[in-house]
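Inspection log for the structure reproduced underneath, given as structure tokens.
In this note's numbering, the protein residues as written are 2 to 512.
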């Protein structure tokens, strides 16, 4: 019992949460299979620690993170946590681009480009019960795409959590070491990309060259960079020592492969995670939120994009689903305002939707502009020059195959998030008058007018922002601000085209 308590104290001091059943089983196994008769307490502690490094935390299910962390909008994560890395991806570059570079190498004429490239790593972490997403908000020197799936990582608070994502900086992360053998192939960075593109997995995943992974350290001042470099040196020493340990561990572990099966079959106690106080008093600062979401906007839905969809894209090296700003607050039900200070009043509204409800990445089969090319101009007989009520338009739509109408309406809410596909914006929103409401698809040119720039200009600015261009960042923020203001102030005569081929009437002009 004294040994058990000593080893348990050793792990608690290292912020490692273990069940008593697992610990008892592991100590027993180490004493019977792996330790000499005259072992010391330190020998026992290190043997148990080495086995923990190889353990899949999901097998013992001991939670340590705050409950429902992934659902928290604004939160400060305090304390220290030893978590398991499930996978890591770079969300700043197109998947095709990355997979081609990994498997085919870097063309000679592009080596300098790669060396200067930036990254935004996204980590999927687990405490054994709850998975959370962590985003490299600022460069974290000890992270890279070659980290072994299952490696143990220590997070150190306070860490800002926005919309369920942990916003990581260099001071928040330390590598402990280890791996989980069942994850090494399936969760390797190369194979995560391959699976998302329906490509065959590589049974021997490649080591990804550091030239592709280098983070931009120019944002550090001289003092910060010196400190970061020293921190990385210390961490690399830890990693190197861990690798040497793991080589020895694996030699021992291969002959005793049934240990984890034995340990994972032990009873799982009903252990509740510690309680944490939520933080509700964040400032609703538009620019801070938007800057965070600009780093997260490249976050891809790696499970939904197919090779067929990519082959149809005019820009195959770009994700069609790479636009995901989440931070502009717009009232979901809002009366038109004559105030010029709409933006400053939005944070006080109790009925709001976020920019994630406005902008999304889901692809559409044919762009709005292309569809109008096919539809053509409504015939004169089908055109109604008078201004109709929304209710009359709604009743007329089922009986019209192709017509142009005018209605007077004001903005109500977003019903389909904005997408960027094949160089066109796509946005669906409800508008209303006193009698009824109707969902309209905004023509790409109308959206361009609302944000003050074309799709190409907007996406170009976005790319420049990701390269730390301050001027581009300010222009994007201005475009999003313009979209927000003009949507909330919308109370106009609207020219709408109804066509049987369209799911929604299409707003072609704001009069």
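Note that the Cβ used here is the ideal one computed from N, Cα and C, for glycine as well.
Residue i vs residue j beta-carbon contact at 9 angstroms
i: residue 91; j: residue 140; result: no
i: residue 122; j: residue 162; result: no
i: residue 67; j: residue 76; result: yes
i: residue 199; j: residue 191; result: no
i: residue 420; j: residue 412; result: no
i: residue 430; j: residue 452; result: no
i: residue 182; j: residue 55; result: yes
i: residue 1; j: residue 174; result: Given that the chain is displayed from residue 2 to residue 512, the structure contains no residue 1 and the question cannot be resolved.
i: residue 23; j: residue 61; result: yes
i: residue 150; j: residue 197; result: no
i: residue 126; j: residue 146; result: no
i: residue 507; j: residue 442; result: yes
i: residue 440; j: residue 392; result: no
i: residue 7; j: residue 58; result: no
i: residue 434; j: residue 457; result: no
i: residue 167; j: residue 136; result: yes
Own chain residues within Cβ distance below 8 angstroms of residue i, not counting five before or after
i: residue 512; result: 407, 493, 494, 495, 496
i: residue 71; result: 131, 132, 133, 134, 165
Coil, strand or helix - residue i by DSSP
i: residue 83; result: strand
i: residue 205; result: coil
i: residue 36; result: coil
i: residue 511; result: strand
i: residue 496; result: strand
i: residue 408; result: strand
i: residue 395; result: helix
i: residue 144; result: coil
i: residue 91; result: strand
i: residue 2; result: coil
i: residue 175; result: strand
i: residue 448; result: helix
i: residue 19; result: coil
i: residue 190; result: helix
i: residue 96; result: helix
i: residue 199; result: coil
i: residue 101; result: helix
i: residue 14; result: helix
i: residue 29; result: helix
i: residue 387; result: coil
i: residue 119; result: coil
i: residue 184; result: helix
Same chain, Cβ closer than 6 angstroms to residue i, five either side skipped, listed in chain order
i: residue 476; result: 462
i: residue 78; result: 158, 160, 162
i: residue 189; result: 206
i: residue 184; result: 150, 151
i: residue 448; result: 426, 428
i: residue 194; result: 96, 99, 100
i: residue 474; result: 466
i: residue 498; result: 405, 507, 509
i: residue 128; result: 64, 65, 66, 84
i: residue 144; result: 122
Residues near residue i by beta carbon distance below 7 angstroms, same chain, minus five either side
i: residue 446; result: none
i: residue 44; result: 36
i: residue 103; result: 191, 207, 209
i: residue 9; result: 24
i: residue 11; result: 46
i: residue 468; result: 119
i: residue 335; result: The pLDDT assigned to residue 335 is 35, lower than 50, so where the model puts this residue is not dependable, and the model offers no usable value.
Residues that residue i bridges to, as DSSP identifies them
i: residue 427; result: 420
i: residue 415; result: 430
i: residue 163; result: 75, 166
i: residue 153; result: 85, 178
i: residue 124; result: 89, 135
i: residue 439; result: 432
i: residue 403; result: 500
**Request:** Output the residue ranges of the beta strand (DSSP E) runs that lie fully inside the segment 50 to 77 and measure 3 residues or longer, sorted by chain position.
**Result:** none
**Prompt:** Which whole runs of the alpha helix (DSSP H) in the segment 450 to 487 are 4 residues long or more, in chain order?
**Reply:** 456 to 467
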